[in-house]
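*Asks:* Residue numbers (our numbering): 106 to 379.
#1: My assumption, with CB atoms under 8 Å, is that residue 248 sits in contact with residue 199. Please give the rounded CB distance.
#2: Which of helix, strand or coil does DSSP assign to residue 126?
#3: Considering only residues of the same chain and omitting the five flanking positions on each side of residue 334, which have a CB-CB separation below 7 Å?
#4: Below 6 Å CB to CB, which residues in the same chain sit around residue 243 once its five sequence neighbours on both sides are set aside?
#5: What separation, rounded to the nearest whole angstrom, lies between the Cα atoms of residue 373 and residue 365?
#6: How about residue 331 and residue 377: are their beta carbons less than 8 Å apart?
#7: For the ligand FAD, is there a heavy atom less than 7 Å away from the beta-carbon of residue 171?
#8: Excluding sequence positions up to five away, which residues of its chain have a Cβ less than 8 Å from the Cβ of residue 224?
#9: Could you give the residue range of the alpha helix (DSSP H) that holds residue 180?
#10: Can you give the Cα-Cα distance for residue 337 and residue 283, rounded to whole angstroms?
#11: What do you reckon, are the CB atoms on residue 192 and residue 379 nearer than 8 Å?
#12: Of the residues 259, 297, 261, which one's Cα is nearest the Cα of residue 276?
Structure representation (structure tokens):
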């Protein structure tokens with residue numbers, strides 16, 4: 106009886122050993138590579154832009170859809186296919202849970218990028234963006250190349266507001282603004298470096314223009330606009346119409362428009378500072 110029991114134990118041990126050896130002989134599966142996600146922005150509002158989950162897709166034009174802003178901006182640059190040495194922003198403020206995409210146009214001396222945010226990942230220049238009910242325009246960027254820097258500079262509505270007169274107002278941070286009214290509009294203008302900035306409101310709502318100017322000055326204490334060569338101009342509108350930011354880079358003129366929120370227009374412009 107003991108001999109039978111001992112034989113059974115040896116047989117069981119042999120079977121277990123054989124199974125173990127077989128399992129150990131199977132090579133480990135390679136770990137799935139995760140997409141590279143850029144570091145989150147210092148601004149909490151931008152965290153959702155970078156940490157997006159849907160895997161990349163492609164359309165018939167072989168344009169890669171990216172689930173990160175860095176990837177989308179790279180794809181935009183690739184799609185432009187231009188010799189104009191343009192700079193794109195490092196990122197754009199978009200709504201949490203949306204993805205950055207765009208349409209692009211390139212001509213001999215001009216390029217245009219229409220930035221969108223969308224609830225699903227879409228490739229650059231996807232046909233769905235033509236009549237989309239879900240994609241929202243964030244901003245339009247137009248970069249035009251002029252024959253020389255002098256002609257480019259003539260496109261910038263730069264002013265030295267301290268020389269224009271007007272009622273002096275305190276905007277904080279040792280910056281003085283100058284107010285000028287006419288034709289139902291009230292302007293508050295000031296200068297920071299090579300930039301001329303002005304807020305617009307209606308004469309019946311004067312405090313709104315001053316408040317927006319103070320908010321812009323405060324924002325620019327911690328954010329840098331691109332350094333223009335030679336000048337830049339920003340028009341910020343209390344009524345969310347006509348916001349425009351223009352600056353020169355030698356023979357190039359950058360124009361940002363179609364941005365509803367005036368402070369968001371400033372935020373997008375500071376994304377071009379490298």
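Built from N, CA and C at the ideal position, the CB exists for glycine as well.
*Replies:* This is what the structure gives:
#1: Position 143 of the chain shown, counted from the start, is the residue given in the question as residue 248. Position 94 of the chain shown, counted from the start, is the residue given in the question as residue 199. About 21 Å separates the two Cβ atoms, so there is no contact after all.
#2: Looking up residue 126 in the chain shown gives position 21. With a pLDDT of 42 at residue 126, under the threshold of 50, the modelled position of that residue is not reliable, and the figure given next carries that caveat. In the three-state reduction of the DSSP assignment, residue 126 falls in the helix class.
#3: One-based indexing of the chain shown puts residue 334 at position 229. 353, 354, 355.
#4: Residue 243 sits at position 138 when you count from the first residue of the chain shown. In its chain, beyond the 5 residues on either side, 197, 220, 222 have a beta carbon closer than 6 Å to the beta carbon of residue 243.
#5: Numbered from 1 along the chain shown, position 268 holds the residue referred to as residue 373. Numbered from 1 along the chain shown, position 260 holds the residue referred to as residue 365. Rounded to the nearest whole angstrom, the CA to CA distance from residue 373 to residue 365 is 12 Å.
#6: For the purposes of this step, residue 331 is taken as residue 226 along the chain shown, with counting starting at 1. For the purposes of this step, residue 377 is taken as residue 272 along the chain shown, with counting starting at 1. Contact flag set, yes.
#7: Questions concerning the ligand FAD fall outside what the structure shown contains, since it holds no ligand whatsoever.
#8: Within the chain shown, numbered from 1, the residue matching residue 224 stands at position 119. Excluding residues within five positions, the ones whose Cβ falls inside 8 Å are 202, 203, 204, 239.
#9: To locate residue 180, count along the chain shown from 1; it is residue 75. Here the alpha helix (DSSP H) through residue 180 covers 174-185.
#10: Taking the chain shown and counting its residues from 1, the one referred to as residue 337 is at position 232. Taking the chain shown and counting its residues from 1, the one referred to as residue 283 is at position 178. Their backbone Cα atoms lie some 18 Å apart in a straight line.
#11: Against the chain shown, residue 192 aligns to sequence position 87. Against the chain shown, residue 379 aligns to sequence position 274. Yes. Within cutoff.
#12: Numbered from its first residue, the chain shown carries residue 276 at position 171. With distances taken between Cα atoms, residue 276 lies closest to 297.
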